[in-house]
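Chemist: Residues in the sequence shown are numbered from 813 upward in steps of one, following our numbering.
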Amino acid sequence: MKKLKQKQLGHWCSYCEPKTTRAGYVNSGVVIKYSCDEHKGQLLTEEKQEQERDQRYTEADNQTWGRL
Ligand SMILES: [Zn+2]
Numbered sequence: 813m814k815k816l817k818q819k820q821l822g823h824w825c826s827y828c829e830p831k832t833t834r835a836g837y838v839n840s841g842v843v844i845k846y847s848c849d850e851h852k853g854q855l856l857t858e859e860k861q862e863q864e865r866d867q868r869y870t871e872a873d874n875q876t877w878g879r880l
């Protein structure tokens, strides 16, 4: 998760009601999401979950290839 720079501001929070709150943070996932201060914890949690999921896929791939 990264804090948006001044020139990057202008996005809306992905968790608040549409077009109510400007975002201050952006995740680093495949699906880009923005969050305000209030929702940055949620954004971080989803980002971690996504990373763990990716890791599991990689492990499964390794096991598949290991059997061949
Ligand atoms: Zn929000």
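All residues carry an ideal CB built from backbone N, CA and C; glycine is no exception.
Since we're looking at a predicted model, the values are computed, not measured.
1) Indicate whether the contact test is met: 3 or more Cβ pairs, each with one atom in the segment 842-852 and one in the segment 869-878, closer than 8 Å.
2) Report all residues for which the CB-ligand distance to some heavy atom of ligand 1 is below 7 Å; order them along the chain.
3) Could you compute how far the alpha carbon of Arg-868 sits from the alpha carbon of Thr-857?
4) With distances taken Cα to Cα, identify the nearest neighbour of Cys-825 among Lys-817, Lys-852, Ser-840.
5) Out of curiosity, what's the CA-to-CA distance linking Gln-854 and Gln-818?
Modeler: Once the coordinates are examined:
1) Contact between the segment 842-852 and the segment 869-878 is absent, because fewer than three Cβ pairs lie under 8 Å.
2) Result (chain order): Cys-825, Tyr-827, Cys-828, Thr-833, Ser-847, Cys-848, Glu-850, His-851.
3) Working through the sequence shown from its first residue, we reach residue 868 at position 56. Working through the sequence shown from its first residue, we reach residue 857 at position 45. Taking the straight line joining both Cα atoms gives about 17 Å.
4) For this step, residue 825 is matched to residue 13 along the sequence shown. The shortest C-alpha separation from Cys-825 is found at Lys-852.
5) Residue 854 sits at position 42 when you count from the first residue of the sequence shown. Residue 818 sits at position 6 when you count from the first residue of the sequence shown. Rounded to the nearest angstrom, the two C-alpha atoms are 22 Å apart.
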